[in-house]
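Plus 4 on top of the position in the sequence shown (first one is 1) and you've got this note's numbering. Glycine included, C-beta positions come from ideal geometry on N, C-alpha and C. Predicted, not measured: the structure shown is a model, and the values here were computed from it.
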Amino acid sequence: MDYTKFQTTLVKEVQRLAGEDFNITLQHMKKNNGVTLDALCIRREEETVAPLIYMDDFYGRYQQGSPITQLAQTLVDQYRETSPNAHISMKEFRDFDTARNRIYCRIVNYELNVDRLMEIPHKRYLDLAITYYYQVEDSILRDATITITNAHFSFWNISMEILHETAWNNTVEQFPSNLQSMEEALREMLGEEEQEELTELSNSQSSPVPMYLLSNASRCLGAICMMYPGTLKKAAEHLHSNLFILPSSIHECILVPESRSFPKEELEDMVTSINATQLEPQELLSNHVYYYDWAEDSIRL
5 MDYTKFQTTL VKEVQRLAGE DFNITLQHMK KNNGVTLDAL CIRREEETVA PLIYMDDFYG
65 RYQQGSPITQ LAQTLVDQYR ETSPNAHISM KEFRDFDTAR NRIYCRIVNY ELNVDRLMEI
125 PHKRYLDLAI TYYYQVEDSI LRDATITITN AHFSFWNISM EILHETAWNN TVEQFPSNLQ
185 SMEEALREML GEEEQEELTE LSNSQSSPVP MYLLSNASRC LGAICMMYPG TLKKAAEHLH
245 SNLFILPSSI HECILVPESR SFPKEELEDM VTSINATQLE PQELLSNHVY YYDWAEDSIR
305 L
């Protein structure tokens, strides 16, 4: 069964399990960098909002042998777990004074999102754009976010300055930056045996180029930390050097001291290679390397 037929069959089976009181639809959601993901919406007739359940891994599970009936039941169960909580969150979201403490900033690539940015409040920065989102406050939907669109911006009836100031202050205060050496960051992700191999590799290199990972503590949407006031200046003072900034994803950046760096061309090749081979398309931030001038306290391409 091809993907299109799979989607149609799954929607019909979810409709059968959910019953006549529900409206089951398949939606194509525009995500970062022009990526479109398919999501199933299970909505009661009287509901004005309902959670979306992304289907990106369900077809893979079907190909691995999971029957349609089992996958449909999983979707219905997920809806039952999330729907009541999502409804409460949306009520809070509609009132700006209630929602304001959970509104944040993130950065995306400008050119790759130029069409979508026509529908989204944003501020341009170099080859990037600062956009805004609402983080759902919920134990089940803890990773769910709502991208703030022009429509949301309008019914809140606030200025762009208030939106940006609110989101920026929340982001800086609630998601402080975290800078650590690349070796420290790798050790956190590796097992004991892999850590030993990393130590042996580090000891075998006479003078490796130092690299530092800049993000927030959760390493989620943390590339914006390079814009935090004083963050790069503090790093440059510690390293006694201007910095090259490699945008490794929307989640983090890599800092390299200019005084001990590879040639700029190699850094650009490194970023392009990482983007092409190591990232999901929606996680790409930029193919450009940025330069931080310590004396001027400024970033430029």
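Limits of the unbroken alpha helix (DSSP H) element including residue i
| i | result |
| --- | --- |
| Y66 | 62 to 67 |
| L14 | 7 to 22 |
| T166 | The amino acid occupying residue 166 in the given sequence is Ile; Thr does not appear at that position. Here the alpha helix (DSSP H) through I166 covers 164 to 178. |
| V275 | 268 to 281 |
| D101 | 100 to 103 |
| N113 | N113 -> not in any alpha helix (DSSP H); beta strand (DSSP E) instead, spanning 107 to 113. |
Where residue i falls, given that 16 or more other Cβ within 10 Å makes a residue buried
| i | result |
| --- | --- |
| E201 | Model confidence at E201 stands at a pLDDT of 48, short of 50, so the residue's coordinates are unreliable and nothing is read from them. |
| G64 | exposed |
| H244 | exposed |
| Y296 | buried |
| T8 | exposed |
| P312 | Outside the displayed span of the chain (5 to 305) sits residue 312, for which this structure offers no information. |
| T175 | buried |
| S263 | exposed |
| E300 | exposed |
| G69 | exposed |
| R110 | buried |
Residues of its chain near residue i, where Cβ-Cβ distance is below 7 Å and the 5 sequence neighbours each way are ignored
| i | result |
| --- | --- |
| T40 | H32, M33, K34 |
| Q77 | L21 |
| F10 | Y63, Y66 |
| D273 | none |
CB-CB length for residue i against residue j, believed under 8 Å
| i | j | result |
| --- | --- | --- |
| I72 | L121 | In fact, because the Cβ distance is near 38 Å, the residues do not count as touching under 8 Å. |
Residues near residue i in its chain [Cβ-Cβ closer than 6 Å; skip 5 each side]
| i | result |
| --- | --- |
| T102 | E96 |
| R128 | none |
Proximal residues to residue i (C-beta, below 8 Å), its chain only, five neighbours per side dropped
| i | result |
| --- | --- |
| E49 | D25, F26, N27 |
| K268 | F248, V293 |
Segment limits, beta strand (DSSP E) that includes residue i
| i | result |
| --- | --- |
| T135 | 132 to 139 |
| D297 | 294 to 297 |
| H32 | 26 to 34 |
| S181 | 181 to 185 |
**Study point:** Residue ranges of each alpha helix (DSSP H) within the segment 203 to 265, 4 or longer
**Key:** Under the rule that a run must span 4 or more residues, the alpha helix (DSSP H) segments found entirely inside the segment 203 to 265 read 235 to 243.
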